[in-house]
Amino acid sequence: MTEEIDTPSAAYELSSDDYYRHLVARNRGLISASLQRRIRASRLLIAGCGSIGGATVQPLARMGYTQFELADVGAYELNNLNRQHATVGDLGKNKAVVMAEHVKAINPTAIVSAHVDGITCENVRDLVSGVDVIVDGIDVTTSSGLRAKVLLHQHACRLRIPLITAWDMAGMLTAQYFDYRSITQPFDGELVPGDEDRLGTWPTIFRIAPRRWIPAEMFDELSRGLRQSDYNVPQLTEAAAQFGALAVHMTNLVVDGQHPRRAVPVDVHRVTVPLARRSQISLRRPMSAYRFLRTLPIAQALSGFAPKSVYQVAHHLTRKGELS
């Protein structure tokens, strides 16, 4: 029976080992002692600490991870608070810095570094090479964020570091696992690095997003929204928050030497309604996708949604034409 520690002063007086023992006491029976030791010894990079990346920080710290590299160039704005793990008192503060404070508030003995420049050409190799697992939560709705994500995956692939990422789309959260110890191309060949400049922002996003799992309501929203010059993609808390749970278990599997599924889609808007309504949602998706594709210029639709094999052939022919 573990002695109860029920005051801050009592907690702060504990040694690092005793604090950790109390912190993870309720994991016992479901998390083996050997896995808990590996969790404690593992070093994580969380790149992007906003919606989906920020959703993973506290759960990972509570699971018992103690070594974190947190990277984000952004600061909190009021419109982030509908889904991100911040309060009004955090507005204007760097997201990685705030998340580092959250980790230390859960486990004062944790080793945490906040990188306020985000992922850059100058720091990406050092950040990636020193970790066991990467959690990619980089926002791709800006061109700079998209380039940072591509850069991160390039180096994860080159240095053979397993990476977990996710996409929140309406009520859908699709977590993805890229085991770059065996996958030989960034994004498993869905995008050739450098093509993001040739394709443009949205076709690049569609190339690397889990297209199979884009829900009907997201297609409908994009059909309306992409006509606007100042469009901001809506994001909901019920989708983003799911990544906290999924990322913890997927990271545990990787640390334990197991292999998570390549894609884990969970649509809370669909699974929480009766069967008849779920069937309607499923039947609606093909038409919603068709209407959305019709709103795009043909070149963008083909570039963004062509199957990987077709895209790779087109890329090869384009490069061949440029060199001839």
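Quick note: the sequence shown, position 279, residue 274 per the numbering used here, numbers continuous. Backbone N, C-alpha and C define an ideal beta-carbon position, used for all residues, glycine too. Being a predicted model, the structure only gives us computed values, none of them experimental.
Mind checking residue i: buried by the 16 CB within 10 Å criterion, or exposed?
i, result
"PRO157", "buried"
"LYS90", "buried"
"SER4", "exposed"
"SER298", "buried"
"MET282", "exposed"
"CYS326", "With the chain covering -4 to 319 only, the question about residue 326 has no answer from this structure."
"TYR71", "buried"
"VAL83", "exposed"
"ALA109", "buried"
"PRO302", "exposed"
"ASN75", "buried"
"ALA81", "buried"
"ARG265", "buried"
"THR2", "exposed"
"ILE293", "exposed"
"TYR306", "buried"
"SER224", "exposed"
"HIS148", "buried"
"THR313", "exposed"
"ASP85", "buried"
"SER124", "exposed"
"SER277", "exposed"
"THR169", "buried"
"GLN275", "exposed"
"LEU194", "buried"
"SER27", "exposed"
"LEU73", "exposed"
"LEU25", "exposed"
For residue i, which residues of its own chain have a beta-carbon under 6 Å away from its beta-carbon, when the five flanking residues on both sides are left out?
i, result
"VAL236", "A small correction: the amino acid at residue 236 is Ala; Val does not occupy that position in the sequence shown. Excluding residues within five positions, the ones whose Cβ falls inside 6 Å are ALA50."
"LEU65", "ILE41, CYS44, ALA91, MET94, ALA95, ALA109"
"ARG280", "ALA211"
"ASP251", "LEU30"
"GLN295", "PRO198"
"SER138", "THR196"
"SER218", "ARG286, PHE287, THR290"
"VAL249", "VAL128, PRO157"
"GLY48", "ILE41, GLY132"
"GLY87", "ALA70"
"TYR226", "GLY220"
Tell me, please, which residues DSSP counts as bridged to residue i.
i, result
"THR160", "ASP131, GLN171"
"SER108", "GLU64"
"ASN89", "ALA70"
Looking only at its chain, what residues have a beta carbon closer than 8 Å to the beta carbon of residue i, apart from the 5 residues adjacent to it on each side?
i, result
"ALA56", "PHE63, HIS97, VAL98, ILE101, ASN102, ALA105"
"THR232", "ASN77, ARG78"
"CYS116", "LEU146"
"TYR15", "ARG35, GLY59, THR61, ASN102, THR104"
"LEU9", "ILE0, HIS17"
"LEU39", "LEU55, TYR60, GLN62, PHE63, GLU64, VAL126, ASP127, VAL128, ILE129, VAL130, THR246"
"ASN22", "GLN31, MET58, GLY59"
"ARG273", "ARG265, VAL266"
"ARG120", "HIS150, LEU154"
Can you give me the Cβ contacts of residue i inside the same chain, cut-off strictly under 7 Å, excluding the 5 residues immediately before and after it?
i, result
"ARG176", "ARG155, PRO157"
"THR136", "VAL228"
"VAL187", "HIS310"
"ASP215", "SER283"
"GLY113", "ALA66, ASP67, VAL68, ALA143"
"GLU185", "ARG202, ILE203, LYS303"
"ALA6", "ILE0, TYR14"
"SER11", "THR104"
"ASN118", "HIS110, ASP112"
Residue i and residue j look like a contact to me (Cβ under 8 Å); what is the Cβ gap, rounded to whole Å?
i, j, result
"GLN171", "ARG257", "7 Å"
"ILE330", "ASN247", "Nothing in the structure corresponds to residue 330, since the chain is present only between -4 and 319."
"ASP131", "SER46", "Wrong, their Cβ atoms sit about 12 Å apart, outside the cutoff."
"PRO54", "VAL308", "Not really, about 41 Å apart at Cβ, beyond 8 Å."
"PHE300", "ARG206", "6 Å"
"MET213", "ALA161", "About 14 Å; that fails the 8 Å criterion."
"ALA151", "ILE129", "6 Å"
"HIS254", "ASP174", "7 Å"
"ALA234", "VAL263", "7 Å"
"LEU141", "ILE178", "Contact doesn't hold; Cβ gap of about 20 Å is too wide."
"TRP208", "PRO260", "4 Å"
If you measure from the beta carbon of residue i to each beta carbon in chain B, is any gap under 9 Å?
i, result
"ALA20", "Among the chains of the structure shown, chain B does not appear; only one protein chain is present."
Segments of 4+ residues assigned as alpha helix (DSSP H) that fall wholly inside the segment 5 to 29: 11 to 18
Residue ranges of each alpha helix (DSSP H) within the segment 22 to 70, 4 or longer: Taking only runs of at least 4 residues, the alpha helix (DSSP H) segments lying wholly in the segment 22 to 70 are 28 to 36, 46 to 58.
Within the segment 214 to 266, ranges of the alpha helix (DSSP H) (whole runs, at least 4 residues): 232 to 235, 237 to 250, 263 to 266
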